[in-house]
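Protein chains in written order, with the working numbering: chain S, 1 to 301; chain L, 1 to 367. Built from N, CA and C at the ideal position, the CB exists for glycine as well. Let me begin by presenting the structure, written as structure tokens, before commenting on it.
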């Protein structure tokens with residue numbers, strides 16, 4: 001064996017070991033997801049047999065059930081049992097609530113944090129640096145500490161059990177971090193760009209809209225994804241603020257599939273998959289920007 | 001219509017960046033503001049652009065005061081040191097932006113961008129993004145963005161400083177060519193005195209927030225107004241000999257070893273050297289190096305020899321004062337060798353040690 005061949009062999013072994021390790025970790029992380037997907041595709045009868053990763057008779061029954069809202073099991077009334085909350089009927093409603101609340105709170109967070117970050121980086125006024133630093137401090141307070149004071153505020157405002165309470169609640173947790181992220185990002189945008197546009201004759205607003213925002217787009221996308229994920233996945237605020245079953249977001253609603261002793265694992269897992277898919281798709285579409293966004297914030301910030 | 005900068009002052013906090021600066025130049029002139037970092041040259045340029053407002057003073061374009069106008073309303077163009085190309089727009093849209101903002105019809109924009117691209121030879125790059133361009137290409141795009149609007153004033157802020165040495169020379173003549181073609185009044189900021197000398201019609205040498213001298217390159221080089229200008233312009237820098245007084249019809253530098261300056265005639269200096277301590281200045285190019293004993297010459301010893309290419313820079317220790325001399329590269333000279341120096345009397349400068357001003361009348365004024 002020549003030394004070159006030996007070096008090549010060693011490199012192959014090294015790479016091979018690294019790949020084996022990475023594949024193992026990936027499988028470990030993906031297993032719950034794969035199990036959820038597999039379970040969601042099994043008919044009810046198969047759930048009580050010995051578990052297999054690949055369903056014997058794959059079916060989309062569970063999904064159809066959730067999406068159409070029709071009772072799969074009790075429609076004929078043969079068992080005489082009627083679930084009091086009938087969770088599957090509300091699935092699409094919850095899904096809509098989650099979308100509305102996540103998108104709404106993200107929009108509010110992004111609009112405010114973009115303007116705030118621009119102001120802090122471009123204008124000079126007393127205490128302007130307090131904004132990013134205090135906002136980071138705000139982000140460090142755990143939501144469990146915030147949730148009860150916020151609940152009291154929502155009660156005062158008469159917003160409990162309204163989607164507004166969730167929207168505003170999520171803004172209060174995501175806004176500080178978005179502001180911090182965008183502040184770091186805006187600092188990295190050279191001021192000459194704006195000055196060049198001003199000399200080109202654009203108004204301050206036009207400069208902001210046509211020059212600053214497009215340059216900050218990766219940062220804005222990163223902040224928006226963060227905000228969407230936080231509000232989409234929240235359980236705590238929704239559990240505390242909401243009372244009516246038709247006002248729940250997905251996270252709290254799906255918990256109703258645990259009904260006393262009866263747990264419908266098929267529906268449960270189908271919901272889990274349907275909850276994960278939108279975020280996963282969004283993430284895959286935008287991850288390039290996300291990496292660029294966090295990278296830029298970290299290096300230049 | 002000329003431009004008149006009148007008593008502009010500007011301070012940032014406690015720092016006085018510009019102290020009552022006045023300049024006047026005519027249409028089509030290529031003016032360079034040159035000076036060390038912090039001399040106020042960039043601030044003056046930004047005040048001309050409208051990005052900064054002066055604390056006091058006014059800028060006149062002909063008889064129109066423009067000091068209060070916003071940058072966009074001045075209809076000027078500026079090229080930034082970093083080029084400041086819009087990263088999300090391709091070259092075409094970068095160049096077109098100023099026209100688009102001003103509501104120029106699309107076919108007119110197309111025509112003018114194409115024309116600018118042709119002049120700058122960047123037609124092939126129009127659909128590229130700035131990050132896909134080299135430094136020199138970005139420079140051209142930035143120039144194109146400035147040209148396309150046909151402004152009445154170009155402001156260039158150290159546009160060549162981010163380029164490598166070779167490209168800088170190319171772009172220097174390129175800029176000069178564009179200026180000749182467009183005949184737009186140009187104010188150019190640089191800290192590189194060589195750039196200033198090669199490109200300008202007139203140079204304003206700035207230091208400490210003041211214009212030290214505003215004159216043609218020849219005048220600045222041949223008759224620097226004061227010690228600062230004399231030391232700043234020219235390479236290698238001028239030799240200075242301080243403590244010079246007139247003793248028995250000769251210029252003598254006081255010190256542990258008094259030194260008689262090797263100047264054959266003092267006629268040229270006339271009454272200017274009547275009283276007070278002087279600083280003598282002479283450029284390395286205006287000292288002659290003799291390797292054989294010379295009765296007129298100042299005796300010394302060669303300390304160091306640096307080859308500059310076509311010339312050699314020789315440092316000679318003459319009575320404790322080190323003077324640099326430029327000689328032809330063909331001259332054979334080693335360190336440790338004895339040498340004699342004579343000065344070209346016509347090229348000797350004398351400055352008042354207290355006021356630092358050149359005490360000799362300008363040849364232009366004199367004749």
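Identity of the residue in the options nearest residue i by Cα
i                      : options                    : result
residue 178 of chain L : L:133, L:232, L:30         : L:30
residue 226 of chain S : S:206, S:15, S:175         : S:175
residue 233 of chain S : S:274, S:211, S:244, S:34  : S:274
residue 385 of chain L : L:20, L:24, L:12           : Chain L is shown only over 1 to 367; residue 385 of chain L falls outside these bounds and no answer can be derived.
residue 223 of chain S : S:67, S:105, S:97, S:47    : S:105
residue 103 of chain L : S:202, S:94, S:257, S:155  : S:202
residue 352 of chain L : L:41, L:246, L:57, L:207   : L:246
residue 236 of chain S : S:94, S:142, S:57          : S:142
residue 111 of chain S : S:186, S:179, S:286, S:2   : S:179
residue 363 of chain L : L:249, L:257, L:216, L:47  : L:216
residue 88 of chain L  : S:188, S:211, S:288        : S:211
residue 115 of chain S : S:177, S:144, S:58, S:182  : S:182
residue 299 of chain L : L:291, L:227, L:305        : L:291
residue 90 of chain L  : L:126, L:348, L:155, L:320 : L:126
residue 340 of chain L : L:207, L:244, L:295        : L:295
residue 220 of chain S : S:118, S:11, S:37          : S:118
residue 244 of chain L : L:55, L:354, L:40          : L:354
residue 306 of chain S : S:239, S:213, S:204        : Within the shown structure, residues of chain S are numbered from 1 to 301, placing residue 306 of chain S beyond reach of any answer.
residue 217 of chain S : S:229, S:189, S:228        : S:189
residue 11 of chain L  : L:276, L:209, L:261        : L:209
Residue i vs residue j beta-carbon contact at 7 Å
i                      : j                      : result
residue 80 of chain L  : residue 192 of chain S : yes
residue 138 of chain L : residue 85 of chain L  : yes
residue 199 of chain S : residue 78 of chain L  : yes
residue 96 of chain L  : residue 76 of chain L  : no
residue 357 of chain S : residue 241 of chain S : Nothing in the structure corresponds to residue 357 of chain S, since chain S is present only between 1 and 301.
residue 88 of chain S  : residue 65 of chain S  : yes
residue 302 of chain L : residue 337 of chain L : yes
residue 231 of chain S : residue 40 of chain S  : no
residue 177 of chain S : residue 139 of chain S : yes
residue 94 of chain L  : residue 149 of chain L : no
residue 117 of chain L : residue 123 of chain L : yes
residue 20 of chain L  : residue 55 of chain L  : no
residue 109 of chain S : residue 171 of chain S : yes
residue 34 of chain L  : residue 169 of chain L : no
Residue i to residue j span [Cα, whole Å]
i                      : j                      : result
residue 126 of chain S : residue 141 of chain L : 39 Å
residue 71 of chain L  : residue 196 of chain S : 9 Å
residue 359 of chain L : residue 278 of chain L : 9 Å
residue 79 of chain S  : residue 60 of chain S  : With a pLDDT of 48 at residue 79 of chain S, under the threshold of 50, the modelled position of that residue is not reliable, and the figure given next carries that caveat. Taking the straight line from one Cα to the other gives about 23 Å.
residue 172 of chain L : residue 166 of chain L : 10 Å
residue 106 of chain L : residue 164 of chain L : 36 Å
residue 368 of chain L : residue 175 of chain L : This structure cannot settle anything about residue 368 of chain L, because the visible part of chain L is limited to 1 through 367.
residue 65 of chain L  : residue 58 of chain L  : 7 Å
residue 17 of chain L  : residue 1 of chain L   : 28 Å
residue 129 of chain L : residue 248 of chain S : 47 Å
residue 8 of chain S   : residue 24 of chain S  : 24 Å
residue 187 of chain S : residue 112 of chain L : 34 Å
residue 159 of chain L : residue 192 of chain L : 11 Å
residue 158 of chain S : residue 250 of chain S : 23 Å
residue 101 of chain L : residue 253 of chain S : 51 Å
residue 2 of chain S   : residue 11 of chain S  : 14 Å
residue 131 of chain S : residue 122 of chain S : 13 Å
residue 333 of chain L : residue 293 of chain L : 14 Å
residue 92 of chain S  : residue 31 of chain S  : 27 Å
8 Å contact criterion, which residue i and residue j should meet: CB distance rounded
i                      : j                      : result
residue 342 of chain L : residue 280 of chain L : 14 Å between Cβ atoms; not a contact.
residue 315 of chain L : residue 326 of chain L : In fact, because the Cβ distance is near 11 Å, the residues do not count as touching under 8 Å.
residue 153 of chain L : residue 282 of chain L : The Cβ separation is near 39 Å, so there is no contact.
residue 212 of chain L : residue 225 of chain L : 6 Å
residue 372 of chain L : residue 348 of chain L : In the structure as shown, chain L begins at 1 and stops at 367. Residue 372 of chain L is therefore absent and cannot be evaluated.
Below-7 Å beta-carbon distance, residue i vs any chain C residue
i                      : result
residue 218 of chain S : Any reference to chain C falls outside this structure, whose protein chains are S and L.
Beta-bridge partners of residue i, as assigned by DSSP
i                      : result
residue 60 of chain L  : L:4, L:65
residue 188 of chain L : L:32, L:156
residue 304 of chain L : L:315
residue 338 of chain L : L:301
residue 24 of chain L  : L:4
residue 122 of chain L : Answer is none; residue 122 of chain L lacks a bridge partner.
residue 207 of chain L : L:210
residue 287 of chain L : L:343
residue 289 of chain S : Paired residues: none, contrary to the question.
residue 245 of chain L : L:252
Distance cut-off 6 Å: residue i Cβ against heavy atoms of the ligand HEM
i                      : result
residue 226 of chain S : This structure lacks the ligand HEM, and indeed carries no ligand of any kind.
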